[in-house]
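Enquirer: Just passing along the structure, written as structure tokens.
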Amino acid sequence: MKKLLLLFFLPLIIISQEEVSEENKEKRDFVFTLLEVENVRPFLETKGWNTLSAASVFDEYGNNVFKYTFSKYQDRVTIWDYEEIGFENKINIETDKYFYNFFFQLIQNSGYTVQSKTINEAQVEEILFEKNPLSILFKSNLNSSRDHSIEITNIKDETKRKQIFEAAAMKRQQKIAAIQLQLENILLTTSELISIEDYNGALDEITLIQVVIDSIEIDYLGEIDIEYYQTMMVSKSNEIEELKRISTIAFYLDQGSNYYNAEKFQLSLDSYQKVLVIDSTNEIALIKIIELEEILNIVNNREKVYSYKNLDKNSYQTVISRLESKLNTVIDESNNGYVNFFLSISFDTLGNNLTTFNINENSKISEIHKNSIFQVLDEIKNSLQATKIKSHYVKSEETINTTIDWNTNKYHVKYSEFNITPPQTRIIENKIRNKGLYGKYEISKKKKQLNGVNTYNDLTISNFQVEGSPSDALYSLIIPGLGSQKTTYGKYGKKTLQRLIPLIAITVGAKTISNKQYEKYSSSTNSADLSLYGESADLWHRIYLGGLSLSTTVYLNDIRRALINGFKNKKVANDLIYEIKQSPISIEKRDIVLEN
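For the sequence shown, the positions run 4 to 599 when our numbering is used.
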């Protein structure tokens, strides 16, 4: 420090001692002394300075220093005490204009170089002087005589503090970068382990993130996004656990399938059950377990007899359909009959067809029909396939024992314009009415009974005799209108007689009157009577002829209508009878149904 002071004092040789006041000399020496003084606070307080503030602060390079502010008279001094870290103090003195100018001239004449000079908008002037090892900043308000300050800093110390700070900052960044690299490498390694499906290794690796986080010094925690890496750790852990779960399920499913193909059914069942431990709703495992339990039940119980009907529903339904078709054909081709037969379907565990069948010898059907039923039963037997459950032959049985008897009865139904007698079922009435022909209908009723319980009826029109034929026209010869009424089924003829009786009465009356008038005419002697009775007899005779002609026309037209409609009815009836002879007209038909 003595050398430093000498550097300042040498230039003063040229300054007259009388020109420098004693006060300014003391301030000058005081300022430079403050750069190196230790224990600043007691030093200044013993010299009459008042302590305004004292605090531990960080400088711009992160160094923890004590900052003091003192005052004495109108001067104020701020000191940054770097004693603990081995640097000179940094000082700032707020003083009056006179000392400011004195010190400015001193520095200016002591070989210091002006590094910068600025004046801002507020008219504050800043002039920076530098001379190794010091940097001195003069700051003054050009509009005020009091706002002046001098700040002195050791350049070497400042440079060294900066270097230490930058080195520490670099080391800190390197440390942070190393930690982040370590965390990123953990994530990368975890992804690589996932890609090769080493899920246990991936789980071990991802948990290292927490190990690294726990080892980070507290000073570095704020520089690293801990939350991000912890979130990634949780997310990756969940992803790995799910992938591990899926992989394990796939492994057991594949294992179960391999055991199944190798017919190691118990081991296959165990594998699929392990799947359900992990995923209780896995559809593949659920379906396979049901299937395997059935297979194991078969394997462990070879003597169990299953229902053929339940094992092969489609084939069994085909059997029933073929039997129904054949039986209904036989019944349709004969009026009466009885048949009893059985078909016993049977298969063993080797797949052998042990099916048997027979027709009761007491059956009352023709040999042709019996042979045709035998043929169908034999075809059915040969078409049956052995019963299996999951490729394993199993015992199965099903017996069809059927008894059918049927008979046909005939009765007549008369349909006239008045009613249908005797009263029949609605379906028969509708069928006859739809034909529109009055007459006598012969109805055949075939009653079929299955196994003595279920009854099925077939109703057909088997013959017909028309009402209203051409011969019914004879009725009109006896009673006019009656023939037309019969042949038109009451549509015409009812009023013919009513119309004809007045005409006949008029005709007969006119004839009688005409005869009487003629007799009077014949017995008359004078010309007047002759003329009167002659004209009257002639008039009534003409009335008689007109009535006779009209009555005859009505009478003959009625007979003609009866004949025409009678022949028309006969033709339609003949067509119906021909149709019946070709094939009886079905009113109702219910085929035998062996099973509902």
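Every residue gets a Cβ at the ideal spot worked out from N, C-alpha and C, and that includes glycine.
Whose C-beta lies closer than 6 angstroms to the C-beta of Ser539 among residues of the same chain, with five residues either side of it excluded?
Expert: The sequence position of residue 539 within the sequence shown is 536, counting from 1. Excluding positions up to five away in sequence, the list reads Gln520.
Enquirer: Answer with buried or exposed for Thr98, where buried requires no fewer than 16 other C-beta atoms within 10 angstroms of its C-beta.
Expert: To locate residue 98, count along the sequence shown from 1; it is residue 95. Looking at its Cβ environment, which holds 16 or more other Cβ atoms inside 10 Å, Thr98 is buried.
Enquirer: Verify the CB distance criterion: does Gly114 have a CB-CB separation below 8 angstroms to chain C?
Expert: Structure shown: chain C not included; a single protein chain is present.
Enquirer: Taking the alpha carbon of Asp381 as the point to measure from, which residue in Arg325, Lys573, Glu63, Lys28 has its own alpha carbon closest?
Expert: Taking the sequence shown and counting its residues from 1, one reaches residue 381 at position 378. Nearest of Arg325, Lys573, Glu63, Lys28 to Asp381, Cα basis: Arg325.
Enquirer: In three-state DSSP terms, what is Val127?
Expert: As a first step, residue 127 is located in the sequence shown; it is residue number 124 there, counting from the start. Correct three-state label for Val127: strand.
Enquirer: Do the region 383-398 and the region 336-350 touch if we need at least three Cβ pairs shorter than 8 angstroms?
Expert: Touching, per the Cβ criterion.
Enquirer: Tell me whether the beta-carbon of Lys134 lies closer than 8 angstroms to the beta-carbon of Thr116.
Expert: Taking the first residue of the sequence shown as 1, we reach residue 134 at position 131. Taking the first residue of the sequence shown as 1, we reach residue 116 at position 113. Contact: yes.
Enquirer: If contacts are defined as beta-carbon pairs under 8 angstroms, then Leu137 and Ile158 qualify, I think. What distance do you get, rounded to the angstrom?
Expert: Your numbering for residue 137 matches position 134 in the sequence shown. Your numbering for residue 158 matches position 155 in the sequence shown. That pair is a contact at about 6 angstroms.
Enquirer: Quick one, are the C-beta atoms of Trp52 and Lys75 less than 8 angstroms apart?
Expert: The residue labelled residue 52 in the question sits at position 49 within the sequence shown. The residue labelled residue 75 in the question sits at position 72 within the sequence shown. Taking 8 angstroms as the Cβ cut-off, Trp52 and Lys75 qualify as a contacting pair.
Enquirer: Would you report the Cα separation of Asp408 and Glu336, rounded to the nearest angstrom?
Expert: For the purposes of this step, residue 408 is taken as the residue at position 405 of the sequence shown. For the purposes of this step, residue 336 is taken as the residue at position 333 of the sequence shown. Computed Cα separation, rounded: 14 angstroms.
Enquirer: Along the chain, which unbroken stretches of the beta strand (DSSP E) at least 3 residues long are found entirely within the region 87-159?
Expert: Taking only runs of at least 3 residues, the beta strand (DSSP E) segments lying wholly in the region 87-159 are 93-98, 116-122, 127-134, 137-144, 151-157.
Enquirer: Between the region 289-297 and the region 266-275, are three or more C-beta pairs nearer than 8 angstroms?
Expert: Touching, yes, given that three or more Cβ pairs across the two stretches are closer than 8 angstroms.
Enquirer: Would you decide whether Ser218 is buried or exposed? Buried here means 16 or more other CB atoms lie within 10 Å of its CB.
Expert: Position 215 of the sequence shown, counting from 1, holds the residue named residue 218. So Ser218 counts as exposed.
Enquirer: Please check the pair Lys450 and Asn457, which I expect to be a contact at CB under 8 angstroms, by giving their CB distance rounded to whole angstroms.
Expert: Walking along the sequence shown from the start, residue 450 turns up at place 447. Walking along the sequence shown from the start, residue 457 turns up at place 454. Their Cβ separation, rounded to whole angstroms, is 12 angstroms, which puts Lys450 and Asn457 out of contact at 8 angstroms.
Enquirer: Label Thr402 either buried or exposed according to how many other C-beta atoms from any shown protein chain fall within 10 Å of its C-beta, with 16 as the threshold for buried.
Expert: The residue given as residue 402 occupies position 399 in the sequence shown. With fewer than 16 other Cβ atoms within 10 Å, it is exposed.
Enquirer: Rounded to the nearest angstrom, what separates Met236 and Leu211 at their Cα positions?
Expert: The sequence position of residue 236 within the sequence shown is 233, counting from 1. The sequence position of residue 211 within the sequence shown is 208, counting from 1. Between Met236 and Leu211, the C-alpha separation is close to 9 angstroms.
Enquirer: Starting from Val342, follow its DSSP beta bridges and name the residues at the other end.
Expert: On the sequence shown, position 339 is the one that residue 342 refers to. Answer by DSSP bridge pairing, in chain order: Ile407.
Enquirer: What is the rounded straight-line gap between the Cα of Ser465 and the Cα of Thr556?
Expert: Along the sequence shown, one-based indexing puts residue 465 at 462. Along the sequence shown, one-based indexing puts residue 556 at 553. Ser465 and Thr556: Cα-Cα distance of roughly 42 angstroms.
Enquirer: Determine the direct distance from the alpha carbon of Leu191 to that of Gln258, and round the result to whole angstroms.
Expert: For this step, residue 258 is matched to residue 255 along the sequence shown. For this step, residue 191 is matched to residue 188 along the sequence shown. Computed Cα separation, rounded: 32 angstroms.
Enquirer: When you compare only the Cα positions, how much space is there between Leu246 and Ile287?
Expert: Residue numbering aside, residue 246 sits at position 243 when the sequence shown is read from its first letter. Residue numbering aside, residue 287 sits at position 284 when the sequence shown is read from its first letter. Their backbone Cα atoms lie some 18 angstroms apart in a straight line.
Enquirer: Go ahead and label Tyr441 buried or exposed: buried means 16 or more other beta carbons lie within 10 angstroms of its beta carbon, across all protein chains shown.
Expert: Within the sequence shown, numbered from 1, the residue matching residue 441 stands at position 438. Under this definition Tyr441 is a buried residue.
Enquirer: Compute the beta-carbon to beta-carbon distance between Ser148 and Lys100, rounded to the nearest angstrom, for a pair I have assumed lies under 8 angstroms.
Expert: Taking the first residue of the sequence shown as 1, we reach residue 148 at position 145. Taking the first residue of the sequence shown as 1, we reach residue 100 at position 97. Indeed, because the Cβ distance is near 5 angstroms, the residues count as touching under 8 angstroms.
Enquirer: My assumption, with CB atoms under 8 angstroms, is that Ser240 sits in contact with Tyr202. Please give the rounded CB distance.
Expert: The residue labelled residue 240 in the question sits at position 237 within the sequence shown. The residue labelled residue 202 in the question sits at position 199 within the sequence shown. Their Cβ separation, rounded to whole angstroms, is 11 angstroms, which puts Ser240 and Tyr202 out of contact at 8 angstroms.
Enquirer: Among residues of its own chain, excluding the 5 on either side of Leu357, which ones have a beta-carbon nearer than 8 angstroms to its beta-carbon?
Expert: Working through the sequence shown from its first residue, we reach residue 357 at position 354. Once the five neighbours on either side are set aside, the close Cβ partners of Leu357 are Ser349, Phe350, Asp351.
Enquirer: Just checking my contact of Gln126 with Asn146 at CB under 8 angstroms: how many whole Å lie between their CB atoms?
Expert: As a working mapping, residue 126 is identified with position 123 in the sequence shown. As a working mapping, residue 146 is identified with position 143 in the sequence shown. Indeed they touch by this definition, with Cβ atoms about 5 angstroms apart.
Enquirer: Could you check where the beta strand (DSSP E) with Glu306 kicks off and where it finishes?
Expert: For the purposes of this step, residue 306 is taken as the residue at position 303 of the sequence shown. No beta strand (DSSP E) holds Glu306; DSSP gives it neither H nor E.
Enquirer: What are the residues that DSSP puts in a beta bridge with Ser447?
Expert: If you number the sequence shown from 1, residue 447 lands on position 444. DSSP output for Ser447 lists Lys413, Thr463 as bridge partner(s).
Enquirer: Assign Val308 to buried or exposed, taking buried as 16 or more other Cβ atoms, counted over all protein chains shown, within 10 Å of its Cβ.
Expert: Counting from one through the sequence shown, the residue named residue 308 turns up at place 305. Flag for Val308 reads exposed.
Enquirer: Closer than 7 angstroms by C-beta to Leu15: which residues in its own chain qualify, once you throw out the five before and the five after it? Chain order, please.
Expert: For the purposes of this step, residue 15 is identified with residue 12 of the sequence shown, where counting begins at 1. Because the pLDDT of Leu15 is 44, which lies under 50, any placement of that residue in the model is unreliable, and the question is left without a value.
Enquirer: So, are the CB atoms of Arg298 and His395 less than 8 angstroms apart?
Expert: Residue numbering aside, residue 298 sits at position 295 when the sequence shown is read from its first letter. Residue numbering aside, residue 395 sits at position 392 when the sequence shown is read from its first letter. A small correction: the amino acid at residue 298 is Ile; Arg does not occupy that position in the sequence shown. Contact: yes.
Enquirer: Could you check whether Tyr547 and Leu533 sit closer than 8 angstroms to each other, using their CB atoms as the reference points?
Expert: Start at 1 with the first residue of the sequence shown, and residue 533 comes out as number 530. Start at 1 with the first residue of the sequence shown, and residue 547 comes out as number 544. Taking 8 angstroms as the Cβ cut-off, Leu533 and Tyr547 do not qualify as a contacting pair.
Enquirer: Starting from the N-terminal side, write out each stretch of the beta strand (DSSP E) that is 3 residues or longer and does not extend beyond the region 225-285.
Expert: Entirely contained in the region 225-285, not one beta strand (DSSP E) run reaches 3 residues.
Enquirer: Consider the C-beta atom of Thr463 and the heavy atoms of the ligand ATP; say whether any pair is separated by less than 7 angstroms.
Expert: Summarising the ligand content, the structure contains no ligands, and the ligand ATP is consequently not present.
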